[in-house]
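J.: Pasting in a structure now, in structure tokens, and then I'll have a few things to ask.
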Amino acid sequence: MPDSTPAARDQAAVEWLLASDEPGVVMQVRRDLLDQSPDVTAGSILSGPLVSRLLRGPQPTGGFDVHPYHKWMGVHWRLVSLVELGAPSDEPRVVAALESELRWLASDGDARDALRIQDRYRVHASVYANPLAVATRLGHASDERVRVLAQKLVFWQWPDGGWNCDRHPGVSHSSFYESITPLWALSEFARAIDDRACAAAAQRAAEFFLEHRVFKSHSADRAGDPKWLTLRYPEYWHYDYLHGLVMLDRAGALPDVRAHDALTLLRTQQQPDGRWVPSGPQYWKKGSGLYGDPAGWGRATASQMLTLNALRVLRAAQA
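In structure tokens:
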């Protein structure tokens, strides 16, 4: 009878990931799960099928013939996936794509110009947080345009530690959807340049999620939304409990006893072969129109990125 212990399942998952045809996945497994020096070259990462498709067809200015924020074909979304797949920071197409994104956001107004209702700024925080996180990962944290993104997010943070774009005056509780990406972005940016204000803001954001036990309502001991209990990849601007755990890990907020229920759920959703499978709604469509799938993520029965992220979280939490 096969060994069905968590350790055995995890080992089986690692072996499956090491056989990936995406060199960026293999590189991250060796680095993050096996503490090895990756022997994967930048050129091989660029040859991976997902990375290759994400970089297909860029224009000389770094765009992709659509608005930067066009879901999910625009440079805004492609860059997040490229960074997650380990795309090298010195690849000219990646650099051009980031420059295109920063040019777009540089035309935005002052932080105080944002919509303010009942003493709270109602902004789509992920619009600013994704490029902040991506630029930091790619080594551009010192760019003044990147610093401005971080400063805006800190300025717009709500008293409970999160962010929200809801325009209803009575809404005074932050949104999981709008708060999760700023948590990632500010924590990584703060580490990159030793910014205390951003570090403090990231810590407040982490507390927001931990106070909610990663996925629970602020008013009852149940999921804030049943969809948060199902998994998908990529998330784009959406949320589920594993996405929350991943970003808490990146913020250095794990292990924490308040994440126990989420970690227990993660173990129950691991398959006998050690993998994790998408179980919730996917947010893309076939083709290249609105909500297209430029990477070709498809609808595989098991997800390499879900599995990689789950194993990272469990390792960080010692679970």
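Going by our numbering, the first residue of the sequence shown is number -9, and it counts up by one from there. Using N, Cα and C, we set each Cβ at its ideal position, and we do this for glycine too.
1) Can you tell which of His66, Ala(-3), Ala175 has its C-alpha closest to the C-alpha of Lys142?
2) Since Pro39 and Glu12 are thought to touch, with beta carbons under 8 Å apart, how far apart are those beta carbons, to the nearest angstrom?
3) Can you list the beta strand (DSSP E) stretches of 3 or more residues lying completely in the segment 241 to 283, in chain order?
4) How is the alpha helix (DSSP H) around His202 delimited, first residue to last?
5) Could you tell me the boundaries of the alpha helix (DSSP H) in which Asn299 lies?
6) On the three-pair Cβ rule with 8 Å, is the segment 200 to 211 touching the segment 239 to 251?
7) For Arg112, which residues of its own chain have a beta-carbon under 8 Å away from its beta-carbon, when the five flanking residues on both sides are left out?
8) Which of helix, strand or coil does DSSP assign to Ser165?
9) Which class does Met(-9) belong to by DSSP, given the choice of helix, strand or coil?
10) Assign Met(-9) to buried or exposed, taking buried as 16 or more other Cβ atoms, counted over all protein chains shown, within 10 Å of its Cβ.
11) Give the DSSP-derived three-state secondary structure of Ala213 in the structure shown.
12) Using the Cα positions of Ala252 and Gln49, report the straight-line distance between them to the nearest angstrom.
13) At what residues does the alpha helix (DSSP H) containing Lys142 begin and finish?
14) Thinking just about the alpha-carbon of each residue, which of Ala86, Ile35, Val70, Trp62 is nearest to the one in Gly53?
15) Please report the distance separating the alpha-carbon of Pro271 from that of Arg222.
16) Would Ala241 and Leu173 be called neighbours here (beta carbons separated by less than 8 Å)?
17) Looking only at its chain, what residues have a beta carbon closer than 8 Å to the beta carbon of Ser269, apart from the 5 residues adjacent to it on each side?
18) Under the three-state reduction of DSSP, which class applies to Tyr59: helix, strand or coil?
19) At which residue ranges does the segment 4 to 88 contain complete alpha helix (DSSP H) runs of 4 or more residues, listed in the order of the chain?
20) Taking three-plus beta-carbon pairs below 8 Å as touching, is the segment 180 to 187 in contact with the segment 124 to 137?
21) Select from Ser177, Thr171, Gly152 the residue whose C-alpha is nearest the C-alpha of Arg165.
T.: On the basis of the coordinates in this document:
1) Ala175
2) 7 Å
3) none
4) Per DSSP, His202 belongs to no alpha helix (DSSP H) and is neither H nor E.
5) 294 to 307
6) yes
7) Ala104, Leu105, Arg106, Asn154, Cys155, Asp156, Arg157
8) strand
9) Here Met(-9) scores only 44 on pLDDT, less than 50, and its place in the model should not be relied on; the value that follows carries that caveat. Coil at Met(-9), not helix or strand.
10) Model confidence at Met(-9) stands at a pLDDT of 44, short of 50, so the residue's coordinates are unreliable and nothing is read from them.
11) strand
12) 42 Å
13) 134 to 146
14) Ala86
15) 7 Å
16) yes
17) Thr220, Leu221, Arg222, Gln259
18) coil
19) 13 to 22, 32 to 37, 39 to 44, 65 to 74
20) yes
21) First, the amino acid is wrong: residue 165 is Ser here, not Arg. Of Ser177, Thr171, Gly152, the residue nearest in Cα terms is Gly152.
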